[in-house]
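I have placed the structure first, in the form of C-alpha coordinates, so that the comments after it can refer back to it.
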Amino acid sequence: MASSGAGARLEGSLLEVLGTDAAGLAGLSRHWQERILRADLVAAPRRLLADLEAWRGDAPAPELLASDRPTELLPRLQQALAADQRVVLLASGDPLWFGIGRLLLQHLPAERLRFQPAPTSLQLAFARLGRPWQDASWISLHGRDPEPLAARLQQRPAALAVLTDPARGGAAEVRGILRASGLEAAYQVWLAERLGHPAERLQRLAPADPLPPDLDPLHLVLLIAVQPAVPPPKALPLFGIPDGLWLQHADQPGLMTKREVRVQLLADLDLPETGVLWDIGAGVGSVGLEALRLRPGLTLWAVERRAGAAALIGANATRLGVRPTGVVEAEAPAALAQLPDPDRVLIGGGGAGRSLLLETVLGRLRPGGVVVLPLATVEGLALCRPLLEQAGLGVAVTQIQAWRGAPLAEGTRLAPLNPVLVLKGTRPAAG
(Lines of atoms letter the chains of each structure in order from A; the text may use other names.)
(Lines give C-alpha, C1' and ligand atoms only; values in the text may rest on other atoms or scores of the structure.)
Protein backbone atom coordinates (compact mmCIF):
# COMPACT_ATOMS: atom_id res chain seq x y z
CA MET A 0 0.00 0.00 0.00
CA ALA A 1 1.44 3.38 -1.03
CA SER A 2 2.13 5.86 1.71
CA SER A 3 0.57 9.34 1.63
CA GLY A 4 1.16 12.81 2.98
CA ALA A 5 4.60 14.16 3.88
CA GLY A 6 6.21 10.72 3.81
CA ALA A 7 5.38 10.27 0.12
CA ARG A 8 6.96 13.57 -0.78
CA LEU A 9 10.32 12.43 0.62
CA GLU A 10 10.75 9.39 -1.59
CA GLY A 11 13.86 9.31 -3.79
CA SER A 12 17.22 10.92 -3.25
CA LEU A 13 17.54 14.12 -1.24
CA LEU A 14 19.82 17.10 -1.36
CA GLU A 15 21.01 17.52 2.22
CA VAL A 16 21.81 21.19 2.79
CA LEU A 17 24.05 21.25 5.85
CA GLY A 18 24.86 24.42 7.74
CA THR A 19 28.33 24.96 9.21
CA ASP A 20 29.88 27.60 11.43
CA ALA A 21 33.29 29.19 10.97
CA ALA A 22 34.99 26.00 12.18
CA GLY A 23 33.89 24.38 8.94
CA LEU A 24 34.26 20.60 8.71
CA ALA A 25 35.94 20.34 12.10
CA GLY A 26 32.77 21.61 13.75
CA LEU A 27 30.55 18.88 12.30
CA SER A 28 29.43 15.85 14.26
CA ARG A 29 30.89 12.43 13.47
CA HIS A 30 27.52 11.45 12.00
CA TRP A 31 27.70 14.17 9.38
CA GLN A 32 31.38 13.65 8.70
CA GLU A 33 30.60 10.03 7.83
CA ARG A 34 27.57 11.04 5.73
CA ILE A 35 29.77 13.38 3.71
CA LEU A 36 32.32 10.64 2.99
CA ARG A 37 29.54 8.29 1.82
CA ALA A 38 27.97 10.88 -0.48
CA ASP A 39 28.25 10.74 -4.27
CA LEU A 40 28.53 14.53 -4.61
CA VAL A 41 29.54 17.21 -2.10
CA ALA A 42 29.29 20.92 -2.91
CA ALA A 43 30.92 23.43 -0.57
CA PRO A 44 32.45 26.90 -0.50
CA ARG A 45 35.91 26.90 -2.02
CA ARG A 46 37.46 27.65 1.38
CA LEU A 47 36.33 24.18 2.56
CA LEU A 48 37.41 22.20 -0.50
CA ALA A 49 40.99 21.70 0.68
CA ASP A 50 39.76 20.03 3.88
CA LEU A 51 37.37 17.89 1.85
CA GLU A 52 40.18 16.84 -0.47
CA ALA A 53 42.26 15.75 2.52
CA TRP A 54 39.36 13.76 3.93
CA ARG A 55 38.62 12.03 0.66
CA GLY A 56 42.24 11.04 0.06
CA ASP A 57 42.61 8.81 -2.98
CA ALA A 58 39.01 7.61 -2.96
CA PRO A 59 37.06 8.48 -6.14
CA ALA A 60 33.98 9.54 -4.21
CA PRO A 61 32.58 11.89 -3.26
CA GLU A 62 32.83 14.21 -6.25
CA LEU A 63 33.70 17.71 -5.00
CA LEU A 64 32.35 20.96 -6.44
CA ALA A 65 32.71 24.60 -5.37
CA SER A 66 29.45 26.33 -4.46
CA ASP A 67 30.69 29.93 -4.50
CA ARG A 68 28.73 30.54 -7.72
CA PRO A 69 25.53 28.67 -6.90
CA THR A 70 23.67 29.44 -10.13
CA GLU A 71 26.41 27.64 -12.09
CA LEU A 72 26.09 24.68 -9.70
CA LEU A 73 22.33 24.17 -10.18
CA PRO A 74 22.46 22.04 -13.38
CA ARG A 75 24.84 19.55 -11.73
CA LEU A 76 22.62 19.33 -8.64
CA GLN A 77 19.55 18.72 -10.79
CA GLN A 78 21.40 16.00 -12.68
CA ALA A 79 22.53 14.32 -9.47
CA LEU A 80 19.02 14.28 -8.02
CA ALA A 81 17.62 12.89 -11.26
CA ALA A 82 20.19 10.05 -11.02
CA ASP A 83 19.20 9.37 -7.38
CA GLN A 84 22.69 10.23 -6.16
CA ARG A 85 23.44 11.08 -2.55
CA VAL A 86 24.18 14.82 -2.45
CA VAL A 87 25.38 17.05 0.38
CA LEU A 88 25.75 20.82 0.08
CA LEU A 89 27.66 22.65 2.81
CA ALA A 90 26.54 26.20 3.60
CA SER A 91 27.22 28.84 6.24
CA GLY A 92 25.01 29.03 9.32
CA ASP A 93 21.34 28.56 8.56
CA PRO A 94 20.97 28.09 4.78
CA LEU A 95 17.48 29.61 4.98
CA TRP A 96 18.68 32.81 6.65
CA PHE A 97 20.41 34.98 4.04
CA GLY A 98 21.85 31.80 2.61
CA ILE A 99 21.70 29.55 -0.41
CA GLY A 100 18.40 28.00 0.68
CA ARG A 101 16.18 30.53 -1.09
CA LEU A 102 17.92 29.98 -4.44
CA LEU A 103 17.67 26.21 -4.10
CA LEU A 104 13.96 26.38 -3.37
CA GLN A 105 13.43 28.54 -6.44
CA HIS A 106 15.01 25.98 -8.77
CA LEU A 107 14.66 22.56 -7.13
CA PRO A 108 11.58 20.67 -5.82
CA ALA A 109 11.08 21.44 -2.14
CA GLU A 110 10.39 17.75 -1.42
CA ARG A 111 13.91 16.89 -2.60
CA LEU A 112 15.57 19.36 -0.21
CA ARG A 113 16.28 18.83 3.48
CA PHE A 114 17.87 21.61 5.51
CA GLN A 115 20.07 21.03 8.56
CA PRO A 116 20.83 24.50 9.99
CA ALA A 117 23.79 25.43 12.15
CA PRO A 118 23.51 28.36 14.55
CA THR A 119 23.46 31.65 12.66
CA SER A 120 26.12 34.28 13.21
CA LEU A 121 23.42 36.31 14.96
CA GLN A 122 22.71 33.53 17.46
CA LEU A 123 26.40 32.92 18.09
CA ALA A 124 27.13 36.61 18.59
CA PHE A 125 24.53 37.05 21.33
CA ALA A 126 25.56 33.74 22.89
CA ARG A 127 29.15 34.94 23.13
CA LEU A 128 27.98 38.25 24.55
CA GLY A 129 25.82 36.40 27.08
CA ARG A 130 22.78 38.55 26.34
CA PRO A 131 19.20 37.39 25.61
CA TRP A 132 18.28 38.37 22.08
CA GLN A 133 14.50 38.07 21.89
CA ASP A 134 14.35 41.89 21.77
CA ALA A 135 17.06 42.16 19.13
CA SER A 136 16.55 43.10 15.51
CA TRP A 137 18.89 42.85 12.57
CA ILE A 138 19.65 44.49 9.26
CA SER A 139 21.83 43.42 6.36
CA LEU A 140 24.09 45.75 4.40
CA HIS A 141 25.23 43.09 1.92
CA GLY A 142 24.95 44.81 -1.45
CA ARG A 143 22.45 47.24 0.01
CA ASP A 144 22.19 50.96 0.50
CA PRO A 145 23.04 51.97 4.10
CA GLU A 146 20.08 54.35 4.37
CA PRO A 147 17.78 51.78 6.08
CA LEU A 148 20.36 51.47 8.87
CA ALA A 149 20.23 55.22 9.51
CA ALA A 150 16.42 55.07 9.57
CA ARG A 151 16.42 52.04 11.89
CA LEU A 152 18.75 53.76 14.34
CA GLN A 153 16.32 56.66 14.67
CA GLN A 154 13.90 54.16 16.25
CA ARG A 155 16.54 53.44 18.91
CA PRO A 156 16.34 49.60 18.98
CA ALA A 157 17.45 47.91 22.20
CA ALA A 158 19.86 45.68 20.27
CA LEU A 159 20.70 45.67 16.59
CA ALA A 160 22.87 43.18 14.70
CA VAL A 161 24.31 44.51 11.46
CA LEU A 162 25.43 42.02 8.82
CA THR A 163 28.24 43.95 7.21
CA ASP A 164 29.49 44.03 3.64
CA PRO A 165 33.32 44.12 3.61
CA ALA A 166 33.24 45.39 0.03
CA ARG A 167 31.42 48.53 1.21
CA GLY A 168 33.47 49.27 4.29
CA GLY A 169 32.22 46.66 6.76
CA ALA A 170 32.31 47.80 10.37
CA ALA A 171 33.71 51.20 9.39
CA GLU A 172 30.51 51.95 7.47
CA VAL A 173 28.37 51.02 10.49
CA ARG A 174 30.38 53.24 12.84
CA GLY A 175 30.18 56.12 10.38
CA ILE A 176 26.39 55.90 10.23
CA LEU A 177 26.16 55.65 14.03
CA ARG A 178 28.33 58.75 14.36
CA ALA A 179 26.35 60.66 11.75
CA SER A 180 23.14 59.81 13.61
CA GLY A 181 24.47 61.45 16.78
CA LEU A 182 24.01 58.19 18.70
CA GLU A 183 27.56 57.14 19.58
CA ALA A 184 26.89 57.78 23.26
CA ALA A 185 23.72 55.65 23.18
CA TYR A 186 25.23 52.37 21.95
CA GLN A 187 28.00 49.95 22.73
CA VAL A 188 29.70 48.71 19.56
CA TRP A 189 30.81 45.07 19.49
CA LEU A 190 32.76 43.36 16.73
CA ALA A 191 32.16 39.63 16.31
CA GLU A 192 34.66 37.84 14.05
CA ARG A 193 34.90 34.24 12.78
CA LEU A 194 32.18 33.03 15.14
CA GLY A 195 32.42 29.30 15.75
CA HIS A 196 36.07 29.12 14.69
CA PRO A 197 38.79 28.33 17.26
CA ALA A 198 40.23 31.80 16.48
CA GLU A 199 36.92 33.64 16.92
CA ARG A 200 37.07 37.07 18.51
CA LEU A 201 34.53 39.32 20.22
CA GLN A 202 35.61 42.80 21.24
CA ARG A 203 33.99 46.05 22.28
CA LEU A 204 35.06 49.28 20.60
CA ALA A 205 34.94 52.64 22.34
CA PRO A 206 34.07 55.59 20.07
CA ALA A 207 37.71 56.66 19.82
CA ASP A 208 39.10 53.15 19.22
CA PRO A 209 40.36 52.38 15.70
CA LEU A 210 39.23 49.25 13.95
CA PRO A 211 41.65 46.37 14.47
CA PRO A 212 44.14 46.23 11.59
CA ASP A 213 43.61 42.47 11.30
CA LEU A 214 39.79 42.66 11.20
CA ASP A 215 38.50 39.49 9.56
CA PRO A 216 36.15 40.00 6.58
CA LEU A 217 33.85 37.43 8.22
CA HIS A 218 32.42 39.73 10.91
CA LEU A 219 29.24 41.36 12.08
CA VAL A 220 28.56 44.36 14.32
CA LEU A 221 26.34 44.35 17.40
CA LEU A 222 24.90 47.65 18.61
CA ILE A 223 23.66 47.38 22.21
CA ALA A 224 21.70 50.29 23.67
CA VAL A 225 23.06 51.70 26.93
CA GLN A 226 22.22 54.62 29.15
CA PRO A 227 24.39 57.33 27.65
CA ALA A 228 27.11 58.83 29.75
CA VAL A 229 27.10 62.59 29.68
CA PRO A 230 29.94 65.09 30.00
CA PRO A 231 29.76 67.84 32.64
CA PRO A 232 26.98 70.33 31.73
CA LYS A 233 29.54 73.06 31.03
CA ALA A 234 31.17 70.85 28.39
CA LEU A 235 27.89 70.40 26.47
CA PRO A 236 26.92 72.59 23.52
CA LEU A 237 24.80 75.57 24.51
CA PHE A 238 22.01 74.12 22.36
CA GLY A 239 21.63 71.41 19.72
CA ILE A 240 22.75 68.64 22.08
CA PRO A 241 23.27 65.32 20.19
CA ASP A 242 20.27 62.99 20.22
CA GLY A 243 22.27 60.16 21.76
CA LEU A 244 22.88 62.04 25.02
CA TRP A 245 19.20 62.15 26.00
CA LEU A 246 17.62 59.56 28.24
CA GLN A 247 14.60 58.00 26.53
CA HIS A 248 11.27 56.41 27.39
CA ALA A 249 11.99 52.67 27.35
CA ASP A 250 8.79 51.74 25.50
CA GLN A 251 9.27 54.35 22.74
CA PRO A 252 12.98 55.13 22.71
CA GLY A 253 13.06 56.99 19.38
CA LEU A 254 10.15 59.32 20.17
CA MET A 255 11.91 62.64 20.66
CA THR A 256 12.49 65.85 18.76
CA LYS A 257 15.56 65.39 16.57
CA ARG A 258 18.45 67.80 16.94
CA GLU A 259 17.93 69.66 13.65
CA VAL A 260 14.24 70.29 14.39
CA ARG A 261 15.00 71.19 18.00
CA VAL A 262 17.35 73.96 16.90
CA GLN A 263 14.70 75.46 14.61
CA LEU A 264 11.99 75.30 17.27
CA LEU A 265 14.21 77.12 19.75
CA ALA A 266 14.76 79.85 17.18
CA ASP A 267 11.04 80.14 16.35
CA LEU A 268 10.11 80.43 20.03
CA ASP A 269 12.06 83.73 20.09
CA LEU A 270 12.86 83.14 23.76
CA PRO A 271 12.75 86.18 26.08
CA GLU A 272 15.15 86.57 29.02
CA THR A 273 12.32 86.01 31.47
CA GLY A 274 8.75 84.77 31.29
CA VAL A 275 6.74 81.54 31.37
CA LEU A 276 7.33 78.74 28.86
CA TRP A 277 4.88 75.89 28.47
CA ASP A 278 6.29 72.73 26.83
CA ILE A 279 3.16 70.66 26.11
CA GLY A 280 3.74 67.07 25.04
CA ALA A 281 7.26 67.49 26.36
CA GLY A 282 8.39 63.91 25.67
CA VAL A 283 11.90 63.63 27.13
CA GLY A 284 12.00 67.39 27.76
CA SER A 285 14.56 68.17 25.08
CA VAL A 286 13.22 71.48 23.72
CA GLY A 287 12.18 72.99 27.04
CA LEU A 288 15.39 71.99 28.81
CA GLU A 289 17.57 73.40 26.04
CA ALA A 290 15.51 76.61 26.25
CA LEU A 291 16.57 76.88 29.91
CA ARG A 292 20.22 76.60 28.91
CA LEU A 293 19.74 79.50 26.52
CA ARG A 294 17.54 81.56 28.86
CA PRO A 295 18.12 80.54 32.50
CA GLY A 296 15.66 83.22 33.64
CA LEU A 297 12.67 81.47 32.07
CA THR A 298 10.06 79.63 34.10
CA LEU A 299 9.55 76.23 32.44
CA TRP A 300 6.47 74.09 32.89
CA ALA A 301 6.65 70.75 31.09
CA VAL A 302 3.43 68.83 30.52
CA GLU A 303 3.54 65.17 29.49
CA ARG A 304 0.79 62.59 29.95
CA ARG A 305 3.13 59.58 29.96
CA ALA A 306 3.65 57.93 33.35
CA GLY A 307 7.21 58.37 34.55
CA ALA A 308 7.68 61.59 32.59
CA ALA A 309 8.55 63.65 35.66
CA ALA A 310 11.39 61.34 36.67
CA LEU A 311 12.78 61.11 33.13
CA ILE A 312 12.62 64.84 32.42
CA GLY A 313 14.09 65.51 35.85
CA ALA A 314 16.99 63.15 35.10
CA ASN A 315 17.64 64.85 31.76
CA ALA A 316 17.49 68.24 33.45
CA THR A 317 20.14 67.14 35.95
CA ARG A 318 22.36 65.99 33.10
CA LEU A 319 22.04 69.40 31.45
CA GLY A 320 22.50 71.37 34.66
CA VAL A 321 19.07 73.08 34.55
CA ARG A 322 15.90 72.86 36.63
CA PRO A 323 12.33 73.24 35.31
CA THR A 324 9.84 74.91 37.62
CA GLY A 325 7.55 71.91 37.30
CA VAL A 326 6.72 68.79 35.34
CA VAL A 327 3.03 67.86 35.20
CA GLU A 328 2.10 64.25 34.42
CA ALA A 329 -1.43 64.77 33.13
CA GLU A 330 -3.54 65.24 30.02
CA ALA A 331 -3.68 68.65 28.41
CA PRO A 332 -5.65 70.85 28.26
CA ALA A 333 -7.00 69.97 31.73
CA ALA A 334 -3.47 70.08 33.18
CA LEU A 335 -3.00 73.70 32.06
CA ALA A 336 -5.55 75.15 34.49
CA GLN A 337 -3.05 75.09 37.37
CA LEU A 338 -0.25 76.83 35.43
CA PRO A 339 0.50 80.58 35.20
CA ASP A 340 -0.33 82.26 31.88
CA PRO A 341 2.40 81.66 29.31
CA ASP A 342 4.60 83.97 27.25
CA ARG A 343 5.81 81.12 25.05
CA VAL A 344 4.14 77.79 24.23
CA LEU A 345 5.43 74.77 22.37
CA ILE A 346 2.71 72.25 21.49
CA GLY A 347 4.42 69.00 20.66
CA GLY A 348 1.43 66.74 21.16
CA GLY A 349 -2.32 66.93 21.11
CA GLY A 350 -3.31 64.34 18.52
CA ALA A 351 -7.02 64.32 17.78
CA GLY A 352 -7.61 66.87 20.55
CA ARG A 353 -5.17 69.42 19.14
CA SER A 354 -7.90 71.94 18.22
CA LEU A 355 -9.28 72.10 21.76
CA LEU A 356 -5.75 72.26 23.16
CA LEU A 357 -4.79 75.14 20.86
CA GLU A 358 -7.99 77.03 21.68
CA THR A 359 -7.20 76.68 25.39
CA VAL A 360 -3.65 77.94 24.85
CA LEU A 361 -4.85 80.91 22.81
CA GLY A 362 -7.25 81.83 25.63
CA ARG A 363 -4.29 82.06 28.04
CA LEU A 364 -1.41 83.37 25.87
CA ARG A 365 -0.15 86.76 27.04
CA PRO A 366 0.18 89.80 24.78
CA GLY A 367 3.31 89.55 22.68
CA GLY A 368 3.29 85.78 23.25
CA VAL A 369 4.36 83.12 20.76
CA VAL A 370 2.96 79.64 20.16
CA VAL A 371 4.86 77.11 18.03
CA LEU A 372 3.50 73.80 16.72
CA PRO A 373 5.68 71.21 14.97
CA LEU A 374 3.36 69.17 12.74
CA ALA A 375 3.89 65.94 10.85
CA THR A 376 1.00 66.33 8.36
CA VAL A 377 -0.51 68.98 6.11
CA GLU A 378 -3.89 68.08 7.62
CA GLY A 379 -2.61 69.24 10.99
CA LEU A 380 -1.52 72.52 9.41
CA ALA A 381 -4.91 73.00 7.75
CA LEU A 382 -6.64 72.41 11.09
CA CYS A 383 -4.53 74.70 13.26
CA ARG A 384 -3.65 77.66 11.05
CA PRO A 385 -7.22 79.06 10.88
CA LEU A 386 -7.44 79.02 14.69
CA LEU A 387 -4.36 81.23 14.93
CA GLU A 388 -5.64 83.62 12.29
CA GLN A 389 -9.11 83.86 13.84
CA ALA A 390 -7.48 84.74 17.18
CA GLY A 391 -5.64 87.63 15.53
CA LEU A 392 -2.14 86.17 15.65
CA GLY A 393 0.46 86.73 12.98
CA VAL A 394 1.16 83.41 11.29
CA ALA A 395 4.32 81.94 9.77
CA VAL A 396 4.79 78.49 8.28
CA THR A 397 8.09 76.70 7.76
CA GLN A 398 8.97 73.25 6.51
CA ILE A 399 12.10 71.66 7.93
CA GLN A 400 13.76 68.95 5.88
CA ALA A 401 17.14 67.82 7.14
CA TRP A 402 19.57 65.20 5.88
CA ARG A 403 22.42 63.55 7.70
CA GLY A 404 25.57 62.43 5.95
CA ALA A 405 26.14 58.68 5.96
CA PRO A 406 29.11 56.83 4.44
CA LEU A 407 28.55 55.29 1.04
CA ALA A 408 31.48 53.35 -0.44
CA GLU A 409 34.19 56.02 -0.82
CA GLY A 410 31.79 58.94 -0.52
CA THR A 411 28.91 60.30 1.53
CA ARG A 412 25.19 59.84 1.04
CA LEU A 413 22.60 62.14 2.59
CA ALA A 414 20.03 60.19 4.61
CA PRO A 415 16.78 62.14 5.11
CA LEU A 416 14.98 62.69 8.37
CA ASN A 417 11.19 62.95 8.40
CA PRO A 418 10.07 66.41 7.24
CA VAL A 419 8.36 68.61 9.82
CA LEU A 420 5.99 71.54 9.29
CA VAL A 421 6.36 74.32 11.86
CA LEU A 422 3.39 76.62 12.47
CA LYS A 423 4.16 79.77 14.44
CA GLY A 424 1.68 82.26 15.81
CA THR A 425 2.63 85.62 17.36
CA ARG A 426 0.13 87.65 19.40
CA PRO A 427 0.47 91.42 19.08
CA ALA A 428 1.96 93.17 22.05
CA ALA A 429 -0.29 95.27 24.29
CA GLY A 430 -0.32 98.95 23.69
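According to numbering that gives the first Met the number 0, the sequence shown is numbered sequentially starting from 0.
Each residue gets a CB set at the ideal place from its N, CA and C atoms; glycine is no exception.
| message | Suppose contacts are defined by Cβ-Cβ distances below 8 Å. Is residue 158 in contact with residue 249 by that definition? | response | Position 159 of the sequence shown, counting from 1, holds the residue named residue 158. Position 250 of the sequence shown, counting from 1, holds the residue named residue 249. No. Outside cutoff.
| request: Note down the Cα distance separating residue 8 from residue 108, rounded to an integer number of angstroms. | output: For the purposes of this step, residue 8 is taken as the residue at position 9 of the sequence shown. For the purposes of this step, residue 108 is taken as the residue at position 109 of the sequence shown. Annotation note: pLDDT 33 at residue 8 (below 50); position unreliable, no value reported.
| said: Considering only their Cβ atoms, is the gap separating residue 270 from residue 301 smaller than 8 Å? | reply: Reading the sequence shown from its first residue, position 302 is the one you call residue 301. Reading the sequence shown from its first residue, position 271 is the one you call residue 270. Result no, Cβ atoms of residue 301 and residue 270 do not sit closer than 8 Å.
| Can you round the beta-carbon distance between residue 278 and residue 345 to whole angstroms, since I take them to be within the 8 Å contact cut? | Locating residue 278 in the sequence shown gives position 279, where the first residue counts as 1. Locating residue 345 in the sequence shown gives position 346, where the first residue counts as 1. Between residue 345 and residue 278 the Cβ distance is about 5 Å, and since that is below 8 Å, they are a contact.
| field | Contacting residues, own chain, Cβ-Cβ under 7 Å from residue 339 (five flanking each side not counted) | value | Your numbering for residue 339 matches position 340 in the sequence shown. These residues qualify, in order along the chain: 275.
| field | Pick from 186, 172, 76, 163 that is closest to residue 192, judged by C-alpha positions | value | Along the sequence shown, read from residue 1 onward, the residue named residue 192 stands at position 193. Ranked by Cα distance from residue 192, the options 186, 172, 76, 163 are led by 163.
| task | Using beta-carbon positions only, say whether residue 356 and residue 395 come within less than 8 Å of one another. | result | What you label residue 356 is simply residue 357 of the sequence shown in a count that begins at 1. What you label residue 395 is simply residue 396 of the sequence shown in a count that begins at 1. No, these two residues do not count as a Cβ contact at 8 Å.
| Cα separation between residue 222 and residue 367? | Along the sequence shown, one-based indexing puts residue 222 at 223. Along the sequence shown, one-based indexing puts residue 367 at 368. Residue 222 and residue 367: Cα-Cα distance of roughly 47 Å.
| residue 44 and residue 67: beta carbons closer than 8 Å? | Taking the first residue of the sequence shown as position 1, residue 44 is located at position 45. Taking the first residue of the sequence shown as position 1, residue 67 is located at position 68. Contact: yes.
| query | How is the alpha helix (DSSP H) around residue 218 delimited, first residue to last? | reply | The sequence position of residue 218 within the sequence shown is 219, counting from 1. Element bounds for residue 218: not the alpha helix (DSSP H) but the beta strand (DSSP E), 218 to 224.
| task | Pick out whichever of 100, 358, 365 has its Cα sitting closest to the Cα of residue 385. | result | Along the sequence shown, read from residue 1 onward, the residue named residue 385 stands at position 386. Looking at the Cα atoms, 358 is the closest of the given residues.
| Three-state secondary structure assigned by DSSP to residue 137 | On the sequence shown, residue 137 is found 138 positions in, with the first residue counted as 1. Strand at residue 137.
| query | Between the beta-carbon of residue 161 and the beta-carbon of residue 219, is there less than 8 Å? | reply | The count along the sequence shown starts at 1 and reaches residue 161 at position 162. The count along the sequence shown starts at 1 and reaches residue 219 at position 220. Going by C-beta atoms, residue 161 is nearer than 8 Å to residue 219.
| message | Is residue 334 near the ligand FMN - that is, is its Cβ less than 7 Å away from at least one heavy atom of it? | response | Judged by which ligands are present, the structure shown has none, so any question about the ligand FMN falls away.
| query | Cβ of residue 303 within 8 Å of Cβ of residue 399? | reply | Position 304 of the sequence shown, counted from the start, is the residue given in the question as residue 303. Position 400 of the sequence shown, counted from the start, is the residue given in the question as residue 399. No, the pair does not count as a contact, with Cβ atoms beyond the cut-off.
| request: Look at the alpha carbon of residue 230 and the alpha carbon of residue 379, and state the distance between them as a whole number of angstroms. | output: Taking the sequence shown and counting its residues from 1, one reaches residue 230 at position 231. Taking the sequence shown and counting its residues from 1, one reaches residue 379 at position 380. Rounded to the nearest angstrom, the gap between the Cα atoms of residue 230 and residue 379 is 38 Å.
| message | To test your reading of the DSSP string, which unbroken beta strand (DSSP E) runs of 3 or more residues are found completely within the region 131 to 189? | response | 135 to 139, 158 to 162
| query | Considering only the beta carbon of each residue, do residue 195 and residue 140 sit closer than 8 Å? | reply | Within the sequence shown, numbered from 1, the residue matching residue 195 stands at position 196. Within the sequence shown, numbered from 1, the residue matching residue 140 stands at position 141. Taking 8 Å as the Cβ cut-off, residue 195 and residue 140 do not qualify as a contacting pair.
| Could you give the residue range of the alpha helix (DSSP H) that holds residue 31? | The residue given as residue 31 occupies position 32 in the sequence shown. First-last of the alpha helix (DSSP H) with residue 31: 29 to 37.
| message | Please report the straight-line C-alpha distance between residue 299 and residue 182, rounded to a whole angstrom. | response | What you label residue 299 is simply residue 300 of the sequence shown in a count that begins at 1. What you label residue 182 is simply residue 183 of the sequence shown in a count that begins at 1. Each residue's alpha carbon lies about 27 Å from the other.
| task | Identify every residue that forms a DSSP beta bridge with residue 202. | result | Taking the sequence shown and counting its residues from 1, the one referred to as residue 202 is at position 203. Its beta-bridge partners are 190.
| Which same chain residues, not among the five before or five after residue 254, have their C-beta less than 7 Å away from its C-beta? | Here residue 254 refers to the residue found at position 255 when the sequence shown is read from its first residue. Shown here for residue 254: same chain residues with a beta carbon closer than 7 Å to its own, the five before and five after excluded, namely 248, 282 in chain order.
| said: For residue 85 and residue 48, what's the separation of their Cα atoms in angstroms? | reply: Position 86 of the sequence shown, counting from 1, holds the residue named residue 85. Position 49 of the sequence shown, counting from 1, holds the residue named residue 48. Their backbone Cα atoms lie some 18 Å apart in a straight line.
| To the nearest whole angstrom, what separates the beta carbons of residue 21 and residue 199, a pair I think is in contact under 8 Å? | Taking the first residue of the sequence shown as position 1, residue 21 is located at position 22. Taking the first residue of the sequence shown as position 1, residue 199 is located at position 200. Contact check for residue 21 and residue 199: beta-carbon distance about 6 Å, within the 8 Å limit, so the pair qualifies.
| said: Buried or exposed for residue 391, going by 16 or more other Cβ atoms inside 10 Å? | reply: Translated into positions along the sequence shown, residue 391 becomes position 392. Answer is exposed; the Cβ neighbour count stays below 16.
| query | Ordered along the chain, which non-local residues of its own chain (more than five positions away) have a Cβ less than 7 Å from that of residue 50? | reply | Numbered from its first residue, the sequence shown carries residue 50 at position 51. Result list for residue 50: 23, 24, in chain order.
| request: Taking the CB atoms as reference points, tell me whether residue 353 and residue 321 lie closer together than 8 Å. | output: One-based indexing of the sequence shown puts residue 353 at position 354. One-based indexing of the sequence shown puts residue 321 at position 322. Against a cut-off of 8 Å, the Cβ pair of residue 321 and residue 353 comes out as no contact.
| said: Could you check whether residue 14 and residue 104 sit closer than 8 Å to each other, using their CB atoms as the reference points? | reply: Position 105 of the sequence shown holds residue 104. Position 15 of the sequence shown holds residue 14. No, Cβ-Cβ distance for residue 104 and residue 14 is not below 8 Å.
| message | Contact defined as beta carbons within less than 8 Å: I believe residue 117 pairs with residue 98. What is the distance between those atoms, to the nearest angstrom? | response | Residue 117 sits at position 118 when you count from the first residue of the sequence shown. Residue 98 sits at position 99 when you count from the first residue of the sequence shown. Their Cβ separation, rounded to whole angstroms, is 10 Å, which puts residue 117 and residue 98 out of contact at 8 Å.
| message | Rounded to whole angstroms, what is the Cα-Cα separation between residue 208 and residue 190? | response | One-based indexing of the sequence shown puts residue 208 at position 209. One-based indexing of the sequence shown puts residue 190 at position 191. Computed Cα separation, rounded: 12 Å.
| query | Since residue 19 sits in a beta bridge, which residues does DSSP pair it with? | reply | What you label residue 19 is simply residue 20 of the sequence shown in a count that begins at 1. DSSP, once it has assigned bridges, lists 91 as partnering residue 19.
| request: Could you tell me which of 77, 315, 316, 360 sits nearest to residue 334, measuring between CA atoms? | output: Here residue 334 refers to the residue found at position 335 when the sequence shown is read from its first residue. Answer by Cα proximity: 360.
| Run of the alpha helix (DSSP H) containing residue 261, from where it starts to where it stops | As a first step, residue 261 must be located in the sequence shown, where it is residue number 262. 258 to 267 is the extent of the alpha helix (DSSP H) around residue 261.
| said: Using 8 Å as the threshold, is the C-beta distance between residue 204 and residue 188 below it? | reply: Locating residue 204 in the sequence shown gives position 205, where the first residue counts as 1. Locating residue 188 in the sequence shown gives position 189, where the first residue counts as 1. Against a cut-off of 8 Å, the Cβ pair of residue 188 and residue 204 comes out as a contact.
| query | Hey, would you say residue 153 sits closer than 8 Å to residue 180, going by beta carbons? | reply | In the sequence shown, counting from the first residue as 1, residue 153 sits at position 154. In the sequence shown, counting from the first residue as 1, residue 180 sits at position 181. Yes.
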